[in-house]
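Colleague: Residue numbers (my numbering), protein chains in the order written: chain Z, 292 to 457; chain W, 292 to 457. My questions all concern the structure below.
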DNA sequence: GTGTACTGTCTTGACATCGAGATACATATC
DNA sequence: GATATGTATCTCGATGTCAAGACAGTACAC
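Right, here's the structure in full:
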C-alpha cells in the first residue's frame, strides 16, 4: 500500500494525503495525470512542428481543413467547433494563416453572413509534412506501452470524454 | 471493426483514415484524447475556482505552497518546478498574489540571491476551500468510471508520464 | 410581410504567458 | 583569493488567447 512514487503525481498525492488526510484525493490520480501529460505533449508537439516552421495553433487549423477532404474547405464556425477556441481567436488565426499564404478566404455563396476558408497548395503540403512528423513522434512516445494497453487506455479515456462531446 | 463513433476523437480518427489511409494514426486514439480531455478539464476547473474568486493560475501556486506543509513556504524556483511555468511567469504570478494578499515574499536568510514565498492566513483559507470544491467536481467527473477502471487508467497514464518526470 | 430572436463573423481591450537577457550572488577550481 | 562557471530571480517586449459586444444577415412566428 505504500509504494515508491514513480512520477510527480505520485509525489503530489502523497503530499496531499500527509497534509489533508481527511480528503479523498483519489480523483487526482487520474485527472492530474491527464493535465500534466497534456502539458508535456504540448511541448513535444511544439518541437515537432518547429521542424516544419509551424506553430501548434497553425497546425490545429490546417489539420481541421485537411481532414475535411477535398476541397479542404470549412467555415470559421466549423473550425471553431473543431479546435475549441473562441471566435475572436479563430478570426485572428485565419488572418495570419491567410497572410502566410497557407489558407484562403472567400464569401459563402449560400449564406451572405458566412465565409469559407480553404487550404492553399502550400498549406496542404505543409500540413501533410507536419502531420507525418507528428505521428512519428507520437508513435515513439507510446513505444513503452503495448498495443493492448494503448487500446485499454483509449477506451477508458473515451468514457471520460464522451459526456463533453455530446 | 467499424463501430459507431462515440466521441470527437473517434470522428477525427475516422476522418484521417479516409483521407490518409497510408498513415498509422493509432497514436491519436490515446494522445488526442489526452489533449482534448485536458482542455475540457481546464474549463471545468476554471468554473470550480470561480466560486472562490480564484483563477486557475492562482490555484496552481497556492496549492503548491499548501502541499508543502507548515510553514507553507517555498522558493520561486521550487514553485516553477511544481507548476511547469517559466521564471518570468512565476515572478509575475507571485507579484499579483502578493498584491492580493494571498502570499508573502521574504528574503531567504540562507541564500542572498533567493526569496521565500509563503501563504498568508487568507491564502490558506482560500486554497483549502477551493481545493475541496475541486475534488467534489472531479469526483463527479469520474463518477462514470468504476474505481478499478480508474486505477487501471492512472497506472497506464503513469507509464506515459514517468519518462517526462525523471 | 413584419417583428423578433437567432446565427456567423469580426473588433476591441485586457491579460497571462513565454523567451531572452540582465543582475546579483554562490560555488568550484586553481 | 581570483577567476570562471553556475544558480536564483527579475525585467522587458512580443504574442496568442479570451470575453464581450458590434454588426450583418437569416429564420421563424404570427
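Quick reminder that beta carbons are idealized off the backbone N, C-alpha and C, glycines included.
For residue 361 of chain Z, tell me which candidate among W:416, W:425, W:310 and W:296 has the shortest Cα-Cα distance.
Modeller: With distances taken between Cα atoms, residue 361 of chain Z lies closest to W:310.
Colleague: Could you please give the first and the last residue of the uninterrupted alpha helix (DSSP H) stretch that includes residue 413 of chain Z?
Modeller: Here the alpha helix (DSSP H) through residue 413 of chain Z covers 412-432.
Colleague: On a CA-only basis, which of W:321, W:369, W:315 and W:446 is nearest residue 442 of chain Z? Give me that one, please.
Modeller: Out of W:321, W:369, W:315 and W:446, W:321 has the C-alpha closest to the C-alpha of residue 442 of chain Z.
Colleague: Tell me, please, which residues DSSP counts as bridged to residue 401 of chain W.
Modeller: DSSP lists no partner for residue 401 of chain W.
Colleague: Can you give me the start and stop residues for the alpha helix (DSSP H) that residue 349 of chain W sits inside?
Modeller: Counting along the chain, the alpha helix (DSSP H) containing residue 349 of chain W begins and ends at 347-358.
Colleague: Of all the options Z:317, Z:306 and Z:403, which has the alpha carbon lying nearest to the alpha carbon of residue 428 of chain W?
Modeller: Ranking the options by Cα distance to residue 428 of chain W, first place goes to Z:317.
Colleague: Could you round the C-beta distance between residue 393 of chain W and residue 358 of chain W to whole angstroms and report it? I think they count as a contact, below 8 Å.
Modeller: 15 Å between Cβ atoms; not a contact.
Colleague: Quick check on residue 349 of chain Z - is its C-beta less than 8 Å from some C-beta in chain W?
Modeller: Not closer than 8 Å to any Cβ of chain W, the Cβ of residue 349 of chain Z fails to qualify, so no.
Colleague: Less than 8 Å between the C-beta atoms of residue 353 of chain Z and residue 408 of chain Z, yes or no?
Modeller: Their beta carbons are not under 8 Å apart, which means residue 353 of chain Z does not touch residue 408 of chain Z by this criterion.
Colleague: Comparing the CB of residue 380 of chain Z with every heavy atom of the ligand FMN, is any distance shorter than 7 Å?
Modeller: With respect to small molecules bound, the structure shown includes none, and the ligand FMN cannot be examined in it.
Colleague: Please state whether DSSP places residue 396 of chain W in a helix, a strand or coil.
Modeller: Three-state result, residue 396 of chain W: strand.
Colleague: Tell me whether the beta-carbon of residue 262 of chain Z lies closer than 8 Å to the beta-carbon of residue 436 of chain W.
Modeller: Outside the displayed range of chain Z (292 to 457) lies residue 262 of chain Z, so it cannot be described from this structure.
Colleague: From residue 444 of chain Z to residue 401 of chain Z, what does the alpha carbon distance come to, in whole angstroms?
Modeller: Spanning the two alpha carbons is a distance of roughly 43 Å.
Colleague: Just checking my contact of residue 406 of chain Z with residue 396 of chain Z at CB under 8 Å: how many whole Å lie between their CB atoms?
Modeller: That pair is a contact at about 6 Å.
Colleague: Using a Cβ-Cβ cut-off of less than 9 Å, list which residues of the region 308-322 of chain Z approach chain W; keep chain order.
Modeller: Listed by position along the chain: 309, 310, 311, 314, 315, 316, 317, 318, 319, 320, 321 and 322.
Colleague: Would you mind giving the Cβ-Cβ distance between residue 449 of chain Z and residue 297 of chain W, rounded to the nearest angstrom? I have them listed as a contact below 8 Å.
Modeller: Indeed, because the Cβ distance is near 6 Å, the residues count as touching under 8 Å.
Colleague: Sort W:306, W:295 and W:422 by Cα distance to residue 347 of chain W and report the nearest one.
Modeller: The option with the nearest alpha carbon to residue 347 of chain W is W:422.
Colleague: Between Z:378, Z:425 and Z:326, which has its C-alpha nearest residue 343 of chain Z's C-alpha?
Modeller: Residue Z:425 is the option with its Cα nearest to residue 343 of chain Z.
Colleague: For the alpha helix (DSSP H) that contains residue 299 of chain Z, what are its first and last residues?
Modeller: Unbroken alpha helix (DSSP H) run through residue 299 of chain Z: 299-310.
Colleague: Listed in chain order, which residues of the region 359-372 of chain Z have Cβ atoms closer than 7 Å to some Cβ of chain W?
Modeller: For the region 359-372 of chain Z, which is checked against every Cβ of chain W, the residues closer than 7 Å are 360.
Colleague: Using a beta-carbon distance below 8 Å, is residue 417 of chain W in contact with chain Z?
Modeller: False, the Cβ-Cβ gap to chain Z never drops below 8 Å.
Colleague: So with CB distances below 8 Å, who are the chain Z contacts of residue 429 of chain W?
Modeller: The answer, in chain order, is 318, 319 and 322.
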